[in-house]
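Asks: Just dropping this structure here.
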Amino acid sequence: MGEELDVSCARPISGAVGEDAPETAEKEQQEKKEVKNMIMVGRKAPDFTAPAYHKGKFVNVTLSDYAGKWVVLCFYPGDFTFV
Amino acid sequence: MSVDSMFVHKMWDETELSKMVDGGIPFPMLSDGAGRVGTIYGIYDADAGVETRGRFIIDPDGIVQGYEVLTPPVGRNVAESLRQIQAFQLVRASKGTEATPSGWKPGKPTLKPGIDLVGRVYMEWKTDMAFDD
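Dropping the structure here:
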């Protein structure tokens, strides 16, 4: 399930895996278009690594570690919200 | 996955969710500080600073087969997500020789696309099959 994380005061953060996009060019382009690109079905899901809580442990989760399995990736607005 | 830290995930699981689900949440609860992953997936609402209710089905090859995005106040239908996964699994197992028409669920007939089916879907599929019995 990925490497276990040491707990410290710094919050681990998530990010894309692989080569960095040319950030400035992308930012300019996004501002110009003012439209974010939506994911396309039938295309590769963007890979990422994110810190997680899983059954009493803090771990790092990388999407590509789940190759060979069906994955449901769910986003939601926030912990302790109601729905 | 939400913008909450993994520490908040732990407390939410311990204080509330484990009272809904025996043993707590069985899958990893991912933290997406600053909505970086949500932005890549196109579901992060930067004005509100939260992820919207995006749900992505990713197959064993890492291909996005489907997604659904809802605004925060309306919850998902888990049974519909499972139905879609079952449909995608059937299509994959058939190596694309079968397709699941509108309203398909396990046990209902599939379609076998081919030249003989062109213009004749009405013989195989009726509109009442789009609805649950």
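As you go down the protein sequences, you meet chains A and B in turn. Residues in the first sequence are numbered from 740 upward in steps of one, following my numbering. Residues in the second sequence are numbered from 153 upward in steps of one, following my numbering. All residues carry an ideal CB built from backbone N, CA and C; glycine is no exception. Only a predicted model underlies this, so the values are computations on that prediction, with no experimental measurement involved.
(1) Using three-state DSSP, classify B:Ala-245 as helix, strand or coil.
(2) Three Cβ pairs or more, each shorter than 8 Å: is that satisfied between the region 178-186 of chain B and the region 782-791 of chain A?
(3) Nearest CA to the CA of B:Ser-254: which residue from B:Phe-283, B:Val-173 and B:Phe-240?
(4) Is the region 222-242 of chain B touching the region 167-175 of chain B, taking contact as three or more C-beta pairs under 8 Å?
(5) Could you check if B:Thr-252 is buried or exposed, using at least 16 other CB atoms within 10 Å of its CB as the buried criterion?
(6) When the Cα of A:Leu-802 is compared with those of A:Lys-794, A:Lys-796, A:Leu-812 and A:Gly-795, which residue comes out closest?
(7) Would a check of beta-carbon distances place A:Gly-807 closer than 8 Å to chain B?
(8) Between the Cα of A:Pro-816 and those of B:Leu-242, B:Lys-247, B:Gln-217 and B:Arg-205, spot the shortest distance and give me the residue it belongs to.
(9) Helix, strand or coil for B:Phe-179? Go by DSSP, reduced to three states.
(10) Should B:Ile-195 and A:Ala-784 be called a contact, given that it needs their Cβ atoms to be closer than 8 Å?
(11) For B:Ser-183, go through chain A and note every residue whose CB falls closer than 9 Å to its CB, in chain order.
(12) From the DSSP secondary-structure annotation, give me the bridge partner or partners of A:Lys-796.
(13) Could you check whether the Cβ of A:Glu-804 sits closer than 8 Å to any Cβ belonging to chain B?
(14) Name the DSSP beta bridge partners of A:Cys-813, please?
(15) Report the rounded CA-to-CA distance for A:Ile-752 versus B:Val-226, giving the unit in angstroms.
(16) Tell me the rounded alpha-carbon separation between B:Ala-200 and B:Val-155.
(17) Answer with buried or exposed for A:Ser-747, where buried requires no fewer than 16 other C-beta atoms within 10 angstroms of its C-beta.
(18) Using the Cα positions of B:His-161 and A:Gly-795, report the straight-line distance between them to the nearest angstrom.
(19) Tell me where the beta strand (DSSP E) around B:Val-216 begins and ends.
(20) For B:Val-202, write down the residues that DSSP places opposite it in a beta bridge.
(21) Whole angstroms are fine: how far does the CA of B:Val-216 sit from the CA of A:Met-779?
Replies: Considering the structure as presented:
(1) B:Ala-245: helix per DSSP, three-state reduction.
(2) yes
(3) B:Phe-283
(4) no
(5) buried
(6) A:Leu-812
(7) yes
(8) B:Arg-205
(9) coil
(10) no
(11) Arg-750, Pro-751, Ile-752, Ser-753, Ala-789, Pro-790, Ala-791 and Tyr-792
(12) A:His-793, per the DSSP bridge assignment.
(13) The sequence as given places Asp at residue 804 of chain A; Glu does not occur at that position. No, A:Asp-804 does not count as interfacial toward chain B.
(14) B:Arg-207
(15) Going by the C-alpha atoms only, they are around 28 Å apart.
(16) 11 Å
(17) exposed
(18) 10 Å
(19) 216-222
(20) In DSSP, B:Val-202 forms a bridge with B:Asp-197.
(21) In a straight line, the C-alpha of A:Met-779 is about 7 Å away from that of B:Val-216.
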